[in-house]
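One structure is given here, and the rest of the page talks about it.
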Amino acid sequence: MNKQELLNIIKTKITDKIRNFEHLIAETRASSNDTKSSMGDKYETGREMLQQEINNLQRQLNESLNQLSVIQKISTEPSDKVQNGALVKTDKGIFYIAASVGEIMSGNQKVMAISAESPLAKAMLGKKSEEEFTINNIHQKIINIW
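Basically the working numbering = 1-based index in the sequence shown + 4.
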């Protein structure tokens, strides 16, 4: 498995997400400007709802920017234990500890990209090949780490 290829896929997904949030924020702000009342009532319900939507989108944008920042610090060097940047194969699946972007395809292999902060990654952290762990009453054995 090529960790650099996986990392590039993750970077692309996060970058696309960032662009999408920036676009949505710009559209929502434009929409907010269109609804200004002639009386200047800044507490108008419709405008307040749009502002809440902008705040929500901004929060999601910041989360994505933080993910991109974390991703840019990840090394693609081989690893002998589970840590941030490790590619881990268990008897239940393949996990890339990088950022939480969900399932990605590498060739014909499904890889689940998870955050180092996720419960699954925390359960695996520091473990080596052939070690076992349990999360949510599901027992898994680490087969390989790259």
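We put the CB at the ideal spot given by N, CA and C, even for glycine.
query                                                                                                                                                          : result
Going by DSSP, what residue range makes up the alpha helix (DSSP H) through Lys126?                                                                            : 123 to 128
Applying the criterion that 16 or more other CB atoms from any shown protein chain within 10 Å of the CB defines a buried residue, is Gln56 buried or exposed? : exposed
Note down, in chain order, each residue of its chain lying with its Cβ closer than 7 Å to the Cβ of Ser119, except the 5 sequence neighbours on either side.   : Ala103, Ser104, Ala125
So, are the CB atoms of Leu54 and Ser35 less than 8 Å apart?                                                                                                   : yes
Suppose you measure from the CA of Glu136 to the CA of Ile149; what does that come to, to the nearest Å?                                                       : 13 Å
Can the beta-carbon of Asp95 be found closer than 8 Å to that of Lys145?                                                                                       : yes
Note down the Cα distance separating Ser108 from Leu11, rounded to an integer number of angstroms.                                                             : One detail in the question is off: residue 108 reads as Ile in this sequence, not Ser. Ile108 and Leu11: Cα-Cα distance of roughly 10 Å.
Per DSSP, what are the beta-bridge partners of Thr138 in this structure?                                                                                       : His143
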